[in-house]
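Comments concern the structure below.
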Amino acid sequence: MMKKSTKFMLSMVATAIALSGFNASAEEQEDGINIGGAVRVNYGYKDYSEASKDKGGDLTFDMAAIKFNGKKGDWGLAAEYRFTSSTDYIKYGYGIYNIDPEWQLQFGINKVPFGNREFISNSWWFGIPYYLGFEDDHDVGVKAVYNSGGWHTDLAFYKNAEYGPTENKRYATDLYTGTINGTEYNNEETNQVNLRQTFTAEHEGGSTTFGGSVQYGQIYNNKTGNTGDSYAAALHLDSSYNGWNLQLQAMQYEYDAADSVDSNKIGVSVVSWQYEIASKGQAYSANIAKTFKTDWGSVKCYNDFGLMTPDVDDSSYDNSMQNVTGCAVSAGPTYTMIDFVMGKNMTFSTANNDHVGLPEMGDDWDKRVNINFGYYF
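Mature numbering (1 follows the signal peptide of the UniProt record, and there is no 0) puts the sequence shown at residues -26 to -1, 1 to 351.
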């Protein structure tokens, strides 16, 4: 049976997708269907694992993806499906209707508009908001997108997550129904609304995007039939200047589930695994990057830091932290991310702390090296 870290390695995909040439929006294409995809392999070395050190790390198949983007007149579609060695799942799949040059509708499994408009991370490892359910999430619903004169508005309604609540094969983090570490959870997401507003100011050497996001939804208990709720709010900034990029984000969230066995925590699942997070807290992200142009492509070096502070009644709950220092190398159709990951009381990036924001086991920063190579077509 695969360990959770292996399953994570086999499933996780990072921000390189956004940089691939086949990611044009529907309104920028001529009529027709564009087909693209990617194949990725991953090398991981865990300093806290004797087996990993003895073998000099592990090289594994990460994933293969197929993407479709197309339009016919004012109508379009976008979809991506992924295959790993242990499972397969949809990332997104939605229809598009361009109402006019400023307004677009997206209906289906589309990206939830919360936080920084692209990612709040540069690395293959994502930022802490991803593990809480607030970065690069995709759910089933309808979204209206407005673009005009630097203003960007997203208004969305989501009926539920892309898969059922007992399923753990999924691209991004959602609430989970099942037993985790002896605690039974019966929660599922439903009837969620999102609003995000940003403004981009162009300036000499680059641009700066300021924004705010709010989210509110219901949590249905499929055992008792009762309903709780959840909310989240964030302020975010993404600024570029002469090859430098700064990302800042501060967010507050709370999952207030009905009939909880323990109201201080809640269960979530992602990439064929499930774990627990503090039901209420704050998350802070501070990322800096510098891109260097070359004759054959580019190199982006970065440092992503994330801090999660639990805000629950149990005083034994501890902060979670993650820092990723790395470089991303783009050359032709290839994109390689080389990351040095440090985690403290953080799921996936530490040896014994399979949670975010719960009581810490030990008091150390765990370290690992990760190299992800992708070929895009």
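Glycine included, each C-beta is placed from N, C-alpha and C at the ideal position.
Going by DSSP, name the residue or residues bridged to residue i.
{"i": "residue 335", "result": "None; residue 335 has no bridge partner."}
{"i": "residue 424", "result": "Residue 424 falls outside the range modelled here, since the chain spans only -26 to 351, and no answer is possible."}
{"i": "residue 15", "result": "35, 347"}
{"i": "residue 148", "result": "243"}
{"i": "residue 181", "result": "176, 214"}
{"i": "residue 315", "result": "298, 342"}
{"i": "residue 127", "result": "120, 171"}
{"i": "residue 20", "result": "342"}
{"i": "residue 308", "result": "305, 349"}
{"i": "residue 197", "result": "DSSP lists no partner for residue 197."}
{"i": "residue 229", "result": "204"}
{"i": "residue 8", "result": "43"}
Which of the three DSSP states is assigned to residue i in this structure?
{"i": "residue -22", "result": "Low confidence applies to residue -22: its pLDDT is 43, below 50, so where it sits in the model is not reliable enough to give any reading."}
{"i": "residue 53", "result": "strand"}
{"i": "residue 102", "result": "helix"}
{"i": "residue 234", "result": "coil"}
{"i": "residue 28", "result": "helix"}
{"i": "residue 340", "result": "strand"}
{"i": "residue 204", "result": "strand"}
{"i": "residue 142", "result": "coil"}
{"i": "residue -3", "result": "Caution is warranted here: a pLDDT of 38 is assigned to residue -3, below 50, making its placement in the model unreliable, and the coordinate value is therefore given only provisionally. In this structure, residue -3 counts as coil in the three-state DSSP scheme."}
{"i": "residue 355", "result": "Look at the range of the chain in this structure, -26 to 351, and you will see that residue 355 is not part of it."}
{"i": "residue 212", "result": "strand"}
{"i": "residue 77", "result": "strand"}
{"i": "residue 45", "result": "strand"}
{"i": "residue 303", "result": "strand"}
{"i": "residue 270", "result": "coil"}
{"i": "residue 250", "result": "strand"}
{"i": "residue 155", "result": "coil"}
{"i": "residue 257", "result": "strand"}
{"i": "residue 330", "result": "strand"}
{"i": "residue 113", "result": "strand"}
{"i": "residue 279", "result": "strand"}
{"i": "residue 187", "result": "strand"}
{"i": "residue 136", "result": "coil"}
{"i": "residue 265", "result": "strand"}
{"i": "residue 160", "result": "strand"}
{"i": "residue 285", "result": "coil"}
{"i": "residue 67", "result": "strand"}
{"i": "residue 84", "result": "strand"}
{"i": "residue 62", "result": "strand"}
{"i": "residue 224", "result": "strand"}
{"i": "residue 72", "result": "strand"}
Is it true that the CB of residue j sits closer than 8 Å to the CB of residue i?
{"i": "residue 286", "j": "residue 238", "result": "yes"}
{"i": "residue 41", "j": "residue 54", "result": "yes"}
{"i": "residue 17", "j": "residue 26", "result": "no"}
{"i": "residue 189", "j": "residue 164", "result": "no"}
{"i": "residue 282", "j": "residue 330", "result": "yes"}
{"i": "residue 268", "j": "residue 105", "result": "no"}
{"i": "residue 291", "j": "residue 350", "result": "no"}
{"i": "residue 14", "j": "residue 300", "result": "no"}
{"i": "residue 85", "j": "residue 66", "result": "yes"}
{"i": "residue 219", "j": "residue 139", "result": "no"}
{"i": "residue 255", "j": "residue 101", "result": "no"}
{"i": "residue 216", "j": "residue 179", "result": "yes"}
{"i": "residue 253", "j": "residue 148", "result": "no"}
{"i": "residue 88", "j": "residue 124", "result": "no"}
{"i": "residue 361", "j": "residue 169", "result": "Examination of residue 361 is not possible in this model, given that the chain is present from -26 through 351 alone."}
{"i": "residue 76", "j": "residue 132", "result": "no"}
{"i": "residue 236", "j": "residue 157", "result": "yes"}
{"i": "residue 316", "j": "residue 346", "result": "no"}
{"i": "residue 186", "j": "residue 248", "result": "no"}
{"i": "residue 52", "j": "residue 73", "result": "no"}
{"i": "residue 155", "j": "residue 250", "result": "yes"}
{"i": "residue 340", "j": "residue 137", "result": "no"}
Buried or exposed for residue i, going by 16 or more other Cβ atoms inside 10 Å?
{"i": "residue 103", "result": "buried"}
{"i": "residue 176", "result": "exposed"}
{"i": "residue 49", "result": "exposed"}
{"i": "residue 33", "result": "exposed"}
{"i": "residue 7", "result": "exposed"}
{"i": "residue 344", "result": "buried"}
{"i": "residue 324", "result": "buried"}
{"i": "residue 240", "result": "buried"}
{"i": "residue -6", "result": "In this prediction, residue -6 scores a pLDDT of 36, lower than 50, which makes its location untrustworthy; no coordinate-derived value is stated."}
{"i": "residue 284", "result": "buried"}
{"i": "residue 122", "result": "exposed"}
{"i": "residue -10", "result": "Since pLDDT at residue -10 reaches only 35, below the 50 mark, its modelled position is unreliable, and the value read off the structure follows with that caveat. Classification for residue -10: buried."}
Pairing CB atoms from the stretch 261 to 272 with CB atoms from the stretch 297 to 309, are three or more of them under 8 Å?
yes
Evaluate contact between the stretch 276 to 295 and the stretch 88 to 100, counting only Cβ atoms and requiring at least three cross-stretch pairs below 8 Å.
yes
Three or more beta-carbon pairs under 8 Å between the stretch 205 to 216 and the stretch 110 to 129, yes or no?
no
Please determine if the stretch 224 to 235 and the stretch 201 to 209 are in contact, where contact requires at least 3 C-beta pairs separated by less than 8 Å.
yes
On the three-pair Cβ rule with 8 Å, is the stretch 134 to 152 touching the stretch 52 to 68?
yes
When you compare the stretch 256 to 271 with the stretch 77 to 88, are there three or more beta-carbon pairs, one atom per stretch, that lie closer than 8 Å?
no
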